[in-house]
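Report on one structure; see the data block that follows.
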Amino acid sequence: MKCSTSFAWLMILACSVAQAEWSNPIKKISYTGSPLVEVTPFVFGDRLYLLENNQAFWDMKPGTPPGARFYDDEVRIRDLSTGKIVATPLKNHAFGTALVHDGRVYVFAGDFGKGKPWRQITEVSMTSSADLKQWTT
Numbered sequence: 000m001k002c003s004t005s006f007a008w009l010m011i012l013a014c015s016v017a018q019a020e021w022s023n024p025i026k027k028i029s030y031t032g033s034p035l036v037e038v039t040p041f042v043f044g045d046r047l048y049l050l051e052n053n054q055a056f057w058d059m060k061p062g063t064p065p066g067a068r069f070y071d072d073e074v075r076i077r078d079l080s081t082g083k084i085v086a087t088p089l090k091n092h093a094f095g096t097a098l099v100h101d102g103r104v105y106v107f108a109g110d111f112g113k114g115k116p117w118r119q120i121t122e123v124s125m126t127s128s129a130d131l132k133q134w135t136t
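Residue numbers for the sequence shown, in numbering that gives the first Met the number 0: 0 to 136.
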């Protein structure tokens with residue numbers, strides 16, 4: 000009994016210690032105004048970024064079928080404060096997502112490979128960067 004009572008008081012004391020209030024740094028700014036489907040917002044170095052999965056056929060003539068030139072699809076990163084693309088860590092990839100951990104941005108995406116039909120992804124690639132300029136291979 001004594002151990003359980005001491006533990007209860009210890010928990011009450013621990014919970015009463017003031018902690019800084021957490022605020023989610025990701026804010027909805029606006030819509031992308033593009034046909035992007037899979038996007039991942041993330042904060043890196045106190046800046047808000049958006050990982051985008053860009054499908055090349057959207058930049059082609061109207062009526063171009065989905066999947067045309069899929070080998071030109073890319074996973075890219077946009078700085079939301081400037082609106083500029085700051086990195087394209089993976090090409091010939093789709094369904095990408097980003098994760099920030101311990102001062103690095105990790106990007107995972109499905110690799111279309113070579114000579115395969117559209118969306119017949121059998122491998123997932125991962126690359127990472129500490130500065131959004133140089134990426135691991």
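Glycine residues also receive a C-beta, built at the ideal position from the N, C-alpha and C atoms. Everything numeric in this text was worked out from a predicted model, so none of it was measured.
| Between which two residues does the beta strand (DSSP E) harbouring residue 97 extend? | 92-100
| Which of helix, strand or coil DSSP assigns to residue 55 | helix
| From 63, 124, 77, 100, residue whose alpha carbon lies closest to that of residue 90 | 124
| message | I need the boundaries of the beta strand (DSSP E) containing residue 124, first residue and last residue. | response | 122-128
| query | Of all the alpha helix (DSSP H) runs that stay within the bounds of the stretch 60-84, which reach a length of 4 or more residues? | reply | none
| request: Please state if the CB of residue 52 and the CB of residue 36 are separated by a distance shorter than 8 Å. | output: yes
| Helix, strand or coil: which one does DSSP assign to residue 45? | coil
| query | By Cβ distance, which residues of its chain are closer than 7 Å to residue 79, with the 5 residues on each side in sequence left out? | reply | 28, 47, 48, 49
| task | Assign residue 42 to one of two classes, buried (16 or more other C-beta atoms within 10 Å of its C-beta) or exposed (fewer than that). | result | exposed
| query | Using a Cβ-Cβ cut-off of 6 Å (strictly less than) and excluding sequence neighbours within five positions of residue 84, which residues of its own chain qualify? | reply | 75, 77
| N- and C-terminal bounds of the beta strand (DSSP E) containing residue 109 | 103-110
| message | For residue 122, count the other beta carbons within 10 Å of its own beta carbon; 16 or more makes it buried, fewer makes it exposed. Which is it? | response | exposed
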